[in-house]
Amino acid sequence: MFGAVEETSADEARTLFDTNVFGVLSVTNMVLPVMRAQRSGHVLMMSSMGGFAAGAGFGVYAASKFAVEGLAEALREELTPFGITVTIVEPGVFQTDFASASSEQASRSIDDYHQVGEILADYDDDEPGGDPAWAAAQIVAVAARKNPPLRLPLGTDAVARLRDKLAAVAAELAVLAETAPSA
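Terminal number for the sequence shown in my numbering: 172, no gaps in between.
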């Protein structure tokens, strides 16, 4: 689902969340009783670099992936006592049909958001991106790790996007922390 947030209807967002959030939640809730009973397991949740740092034109999609990240962060804390680990997979751009002509576009077009349309027009999965086979191998490898990370960014673009957001948040926090009221 691509388009400015204001261009996206609630029904379009609901459809996206049904797949990206409620689908993930339903599948996860089906496997957790088995994992808890065996006191082991590894939950891998597919997010995106956009699930950590949103950008214009990807707001509703990113919001759905932010929700997955929130679920995963909480699950990690909830499941650790049962020997179950959680990893959030955060791919960058890969050579897939993620942003193909068949991708959903927001139903409304608002002229004031022409710059968002330009961003989306420039986004092209056919441009050099990561190799999906490499990404799959990384996911299999992290699943086999004894102490897997919470986050698995895949691709230099994903690592850069996470670093950029962390640096921006840290810089803003450094300024705001000086004036934050004490509790």
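All residues carry an ideal CB built from backbone N, CA and C; glycine is no exception.
Remember, predicted model here, so these are calculated numbers, not experimental data.
query: Please list, in chain order, all residues of the same chain as Met24 whose beta carbon is under 8 Å from its beta carbon, the five residues on each side excluded.; result: Gly30, Val32, Leu68, Phe71 and Ile73
query: Check the DSSP bridge columns for Pro80 and list the partner residues they point to.; result: Leu143
query: Less than 9 Å separating the beta-carbons of Leu151 and Arg65?; result: no
query: List the whole-angstrom C-beta distance separating Phe83 from Gly144, where the pair is believed to meet the contact cut-off of C-beta under 8 Å.; result: 7 Å
query: Counting Cβ pairs, one atom from each stretch, are 3 or more of them under 8 Å apart for the region 118 to 132 and the region 45 to 59?; result: no
query: Does chain C have any CB closer than 9 Å to the CB of Pro22?; result: No chain C is present in this structure, which holds just one protein chain.
query: Who pairs with Phe(-9) in a beta bridge, going by DSSP?; result: Gln94
query: Should Phe11 be labelled buried (16 or more other beta-carbon atoms within 10 Å of its own) or exposed?; result: exposed
query: At which residues does the beta strand (DSSP E) containing Val32 begin and terminate?; result: Gly30 to Met35
query: Indicate whether Ala95 and Ala(-7) have their beta-carbon atoms separated by less than 9 Å.; result: yes
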